[in-house]
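A short write-up of the structure that comes next.
Residue numbers (our numbering): -13 to 131.
Here it is, written out as structure tokens:
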């Protein structure tokens, strides 16, 4: 735990002492929240009534994030064995996240994509597994949107 005394510092010195600590805290929270939301959304364990608000928070985080700051978190969050849609679908999802951090607004299809991923992981339909009809349609639908 870092401890600092701000007594005797002017405003500029105080800001210089506090800003790095705040930045570290922000980065940690940002990555933890991002990891949790991406993981629970992309492996189908998100409660349906919470998926919309989580996706909205996810979009906000992506809009103010730099890709290089979150790339590892996004990659590790979707690169789980419980993501059953296969590598090509992972690539589509990964690229959608990347596009969302490189623009001021996420695609209108982004929230729908997250919803479909979550839904496909909650069904027992064989089309929701890598190579299945539903996954192939998903890939085609979202690969460039």
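Here a beta-carbon is modelled for each residue, glycine too, at the ideal position from N, C-alpha and C.
Exercise for review: Use the C-beta contact count for residue 50: other C-beta atoms within 10 angstroms, 16 or more gives buried, fewer gives exposed.
Suggested key: exposed
Point to revise | Whole-Å CB distance - residue 29 paired with residue 107, under 8 Å assumed | key: Yes, they are in contact, since the Cβ atoms of residue 29 and residue 107 sit about 6 Å apart, within 8 Å.
Point to revise | N-terminal and C-terminal residue of the alpha helix (DSSP H) that residue 91 is part of | key: Residue 91: not part of any alpha helix (DSSP H); DSSP gives it neither H nor E.
Check your understanding: Under 9 Å, do residue 82 and residue 68 count as touching if we go by C-beta distance?
Key -> no
**Study point:** Exposure of residue 64, with buried meaning 16 or more beta-carbon neighbours within 10 Å
**Key:** buried
Review point. Alpha carbon to alpha carbon, how far is residue 120 from residue 9?
Key: 42 Å
Exercise for review: With distances taken Cα to Cα, identify the nearest neighbour of residue 165 among 52, 72, 73.
Suggested key: What the structure shows of the chain is the stretch from -13 to 131, and residue 165 is not part of that stretch, so it cannot be assessed.
Exercise for review: Mind reading off the beta-carbon distance from residue 19 to residue 47? Whole number of angstroms is fine, and I expect it under 8 Å.
Suggested key: About 7 Å; that satisfies the 8 Å criterion.
Review point. Going by beta carbon distance, what residues of the same chain come within less than 8 Å of residue 37, once the five residues before and after it are set aside?
Key: 27, 100, 101, 104
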